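Enquirer:
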Amino acid sequence: MGCGYRERAGGDTSTIPKSERRSMPLLDGTVEALPARGLTRETADKFGYKVGTFNGHKAHIATYCDAAGRPVAQKIRWKEDGKKQFTWVGDPKAATLYGQNLWRDAGKMVVVTEGELDALAVSQVQNNKWPVVSIPNGAGGAAKDLAKQVAWLERFEKIVLCFDMDEPGRQAVEACTKLFTPGKVYDARLPLKDACDMVKAHRSAELVDALWGSKQMRPDGIKTVADLRAKALEPTKWGLPWPWRTLTERTYGIQRHYLYSWGAGVGSGKTTTQKQLMLTAMRPDLLEPHDGLVDHLGQPLVIPAPRKVGTILFEENPAKTLRSLAGMVIGKRLNKPDVQYTEAELNEAIDSLDGLFFPLDMFGAKDWDTVKANVLYLILAEGVLDIFIDPLTALVANAEDERRALDEIMAELSGIVEAHGATIHLVSHLTTPQGTAHEEGGRVLEKHFTGSRAIARWSHAMIGLERNKQDPDAPTVVRGLKDREFGEAVGPLLGLTFDRITGRMVECPIEDGNPFRDETQNSDLCPPSAPMRQIEGSV
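Below, the structure is given as structure tokens:
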């Protein structure tokens, strides 16, 4: 924070409960020069930075606005018994960055500071004409705060981070750099602790020079054996088990740092398959047994804890997705009006997904910059590392050059999973093959994916689903097309059949099987599926 203020140093914050602070009216005050900070009245007026009274004490008031420019929150600072205090009034969760409402939504350069007074200092030395904003919660929350505003910041050609020159500030620069397009972020190095100190010390010219001469942040790609030893000694681990044991065995599970691209014809079960993958991440306790799979020490495969899932489904609203997932939990097809269930069991199933399911309501919205900003927000702010995008091709529907746009999107998605250890599943439309149509069981090839070169180049794994929907006895064939990590999961991997009762896809032999399995039927090849069983000892 600027000018020696440290949020966590000296004194407690206000004891007023959050609920009461949010309902409190925003404070008023007067715009004044801040001579102790070297800041003019003109600068304070530009940002609406005021001096007023709070709980009987003289206080500084920094007003935050929402995306529409409406004041929604204030950070209040004051001294009490010689100790620096601060609190929030209003709803800070609805606020954008401090000062964001003052500037247009694009430009040559924007400066981001660690505190409100630093923002005023940077603005003042540039005659209050160049965009500058501040994060609201100090260095510790910098990445999370900037993740919410990635889309706005990315519209600028250059993003200069002017954070404090202490260890937390340096760490925040490293963390925030990963949020943005490589090469776009610059680090302003100062001879004093922060921008406010520079102005107080009458070193404004040096501050301007530091801003415009800031160092471009680039990844340090040169490593030594000493740098890599600890990582190299880590054992290769199983990924999250798939809903089907055979696929887990063939691929060693769903991997982190992985981009999965799926392609399928109409009626092949891709929507159901994707939802089962979502459910598996959130409710691994519902997995079928995976007995016999061991790690490098001969220990049995450990079922992981529940994982958060984010969905960006352009062709389905979030409420429908949630209802469908809840139906899979209780083993009933709730999209059918004649299926009987109780409200209590549905509520219980929905409750089990609360805090784990993060759908984005993107129906009809197909702007990649917005989608990317939301993906990064889910990862950095909510800790969501399993993300589903369907269909990928919706993101380039309005692009002048679809192939070039898709290549850029795939490159950025690949960078996101590598940088943040995420797993992203993409569903791609398929082009019409020359031979048998995909809907009639035609084989899915890499070249059938729309924009196939970009998808094949950047995906870690490519999977096709094949099924002749004209043949009532044909299963869905899961075909591996690319397996970058292990190179073994290619060709036909397993067969799946749709369970009419539970609404889930269950494993069956590739060469046979009724794709619409009814529990009233009996078959040695595709036995009726049972409800998902909880694995003993799973989380």
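Counting with this note's numbering, you get residues 8 to 546 for the letters of the sequence shown.
No residue lacks a Cβ here, since even glycine has one placed at the ideal position from N, Cα and C.
No experiment lies behind these values; they were computed from the predicted model shown.
As a quick exercise: from R464, V451, L387, pick the residue whose alpha carbon is nearest that of A418.
Expert: R464
Enquirer: Quick check on M8: does DSSP put it in helix, strand or coil?
Expert: With a pLDDT of only 44 at M8, under the threshold of 50, the placement of this residue in the model should not be trusted; the figure read from the coordinates follows. DSSP places M8 in coil when its eight states are reduced to three.
Enquirer: Taking the runs of the alpha helix (DSSP H) that are 4 residues or longer, which of them lie wholly in the region 345-421?
Expert: 350-358, 375-388
Enquirer: For L329 versus L367, is the C-beta spacing smaller than 9 angstroms?
Expert: no
Enquirer: If we count the other Cβ atoms within 10 Å of its Cβ and call it buried at 16 or more, is T564 buried or exposed?
Expert: The chain is shown only over 8 to 546; residue 564 falls outside these bounds and no answer can be derived.
Enquirer: Taking the straight line between their C-alpha atoms, what separation do you get for D98 and N144?
Expert: 14 angstroms
Enquirer: So what does K222 bridge to, in DSSP terms?
Expert: D194
Enquirer: Using CA coordinates, which residue listed in A388, L387, S459, A380 is at the minimum distance from E409?
Expert: S459
Enquirer: Measuring CA to CA, which of F170, A380, A333 is closest to T188?
Expert: Nearest option by C-alpha distance: A380.
Enquirer: Would M31 be called buried (16 or more neighbouring beta carbons within 10 Å of its own) or exposed?
Expert: Under this definition M31 is an exposed residue.
Enquirer: How many angstroms separate the CA atom of M8 from the CA atom of P250?
Expert: Residue confidence for M8 is low, a pLDDT of 44 falling below 50, so the modelled location carries little weight; the figure read from the coordinates is stated next. Going from the Cα of M8 to the Cα of P250 covers about 48 angstroms.
Enquirer: On a CA-only basis, which of C203, G498, D490 is nearest E473? Give me that one, please.
Expert: G498
Enquirer: Within a Cβ cutoff of 7 angstroms, which residues of the same chain sit near D414, ignoring the five residues on either side of it in sequence?
Expert: A461
Enquirer: Our contact map puts G59 next to A66 with C-beta atoms below 8 angstroms; I'd like the distance itself, whole angstroms only.
Expert: 6 angstroms
Enquirer: What are the boundary residues of the beta strand (DSSP E) that includes W465?
Expert: Taken as a continuous stretch (DSSP letters only), W465 belongs to no beta strand (DSSP E), being part of the alpha helix (DSSP H) at 459-465.
Enquirer: Report the residue from G471, R290, D376 whose alpha carbon sits nearest the alpha carbon of T278.
Expert: G471
Enquirer: How many whole angstroms separate the CB atoms of L104 and Q156, which I take to be in contact at a CB cut-off of 8 angstroms?
Expert: 6 angstroms
Enquirer: Return the CA-CA distance between Y193 and T457, expressed in angstroms with no decimal places.
Expert: 36 angstroms
Enquirer: Report the three-state DSSP secondary structure of H67 (helix, strand or coil).
Expert: strand
Enquirer: So if DSSP puts E322 in a beta bridge, which residue, or which two residues, is it bridged to?
Expert: E322 pairs with nothing; no bridge assigned.
Enquirer: Could you compute how far the alpha carbon of V346 sits from the alpha carbon of W269?
Expert: 30 angstroms
Enquirer: So, using beta-carbon positions, are D437 and V451 closer together than 9 angstroms?
Expert: Asp is not the amino acid found at residue 437; the sequence shown has Leu there. Yes, these two residues count as a Cβ contact at 9 angstroms.
Enquirer: Under the three-state reduction of DSSP, which class applies to H436: helix, strand or coil?
Expert: Residue state, collapsed to three classes: coil.
Enquirer: Please tell me whether P307 and L300 are closer than 9 angstroms, where the distance is taken between their beta carbons.
Expert: For P307 and L300, yes; Cβs fall inside 9 angstroms.
Enquirer: Comparing C-alpha positions only, which one of L488, A444, L363, A43 sits nearest to V1?
Expert: Look at the range of the chain in this structure, 8 to 546, and you will see that residue 1 is not part of it.
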